[in-house]
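Chemist:
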Amino acid sequence: MIDLLNRLFPTVPGISAEDAIRRAETGEVVLLDIRKAETLRETGKARGAVNVPVDFVRHVLNPNSPYYSPELRKDRPVVVYGDGGQKSTFAARTLLKMGFEVYDLNALRHWINAKGPIER
Numbered sequence: 001m002i003d004l005l006n007r008l009f010p011t012v013p014g015i016s017a018e019d020a021i022r023r024a025e026t027g028e029v030v031l032l033d034i035r036k037a038e039t040l041r042e043t044g045k046a047r048g049a050v051n052v053p054v055d056f057v058r059h060v061l062n063p064n065s066p067y068y069s070p071e072l073r074k075d076r077p078v079v080v081y082g083d084g085g086q087k088s089t090f091a092a093r094t095l096l097k098m099g100f101e102v103y104d105l106n107a108l109r110h111w112i113n114a115k116g117p118i119e120r
């Protein structure tokens, strides 16, 4: 039973904002902002982040989809963040199940509080 739950709901490692900032600045990771475009216009996003609303994550990662985004590749770890709810964990689990190395930052506010650069 536990094995089944672990396969259905894999544990996604977290990442500190400081580590995410350092790794993003060196190009070691891809930042994935899963918030809606309207929210991005109001708050901005982490510098260099790719925006894919949570409902489209699976489509953007599928090479056979017309919405496929080559920016998100399995050869670079992905750091996911959103508004601080469970959506970033959901998106991160989706990536994990698809074979990505992924970390959950949880919320943009952690990036901002750690003085991470923002672009509008």
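The sequence shown lines up with residues 1 to 120 when you count with UniProt numbering. Backbone N, C-alpha and C fix where the C-beta goes; we use that ideal spot for every residue, glycine too.
#1: Under 7 Å: does the beta carbon of R93 sit that close to some heavy atom of the ligand ADP?
#2: Between the C-alpha atoms of K97 and A107, what's the straight-line distance to the nearest angstrom?
#3: What's the gap between the Cα of K115 and the Cα of D83?
#4: Rounded to whole angstroms, what's the CA-CA distance from E71 to V60? Just pull it up for me.
#5: What's the C-alpha gap between P77 and E101?
#6: I'd like the list of long-range same chain contacts for I112, defined as Cβ closer than 8 Å, with 5 residues on each side in sequence excluded.
#7: Let me know the secondary structure DSSP gives I2 once reduced to three states.
#8: Using DSSP with H/G/I as helix, E/B as strand and the rest coil, what is N106?
#9: Roughly how many angstroms separate the alpha carbons of D33 and R22, rounded to a whole number?
#10: Does A24 come out as helix, strand or coil in the three-state DSSP assignment?
Modeler: Concretely, from the data shown:
#1: No copy of the ligand ADP appears in this structure; indeed no ligand is present at all.
#2: Taking the first residue of the sequence shown as position 1, residue 97 is located at position 97. Taking the first residue of the sequence shown as position 1, residue 107 is located at position 107. The straight-line gap from Cα to Cα measures roughly 21 Å.
#3: As a first step, residue 115 is located in the sequence shown; it is residue number 115 there, counting from the start. As a first step, residue 83 is located in the sequence shown; it is residue number 83 there, counting from the start. The straight-line gap from Cα to Cα measures roughly 17 Å.
#4: Locating residue 71 in the sequence shown gives position 71, where the first residue counts as 1. Locating residue 60 in the sequence shown gives position 60, where the first residue counts as 1. So the two alpha carbons sit approximately 10 Å from each other.
#5: Within the sequence shown, numbered from 1, the residue matching residue 77 stands at position 77. Within the sequence shown, numbered from 1, the residue matching residue 101 stands at position 101. P77 and E101: Cα-Cα distance of roughly 5 Å.
#6: As a first step, residue 112 must be located in the sequence shown, where it is residue number 112. Cβ neighbours of I112 beyond the five flanking positions: I118.
#7: Locating residue 2 in the sequence shown gives position 2, counting from the first residue. Since pLDDT at I2 reaches only 48, below the 50 mark, its modelled position is unreliable, and no value is offered.
#8: Working through the sequence shown from its first residue, we reach residue 106 at position 106. Correct three-state label for N106: strand.
#9: Counting from 1 along the sequence shown, the entry for residue 33 is found at position 33. Counting from 1 along the sequence shown, the entry for residue 22 is found at position 22. Using only the alpha carbons, I get a separation of about 17 Å.
#10: If you number the sequence shown from 1, residue 24 lands on position 24. If DSSP states are grouped into helix, strand and coil, A24 belongs with the helices.
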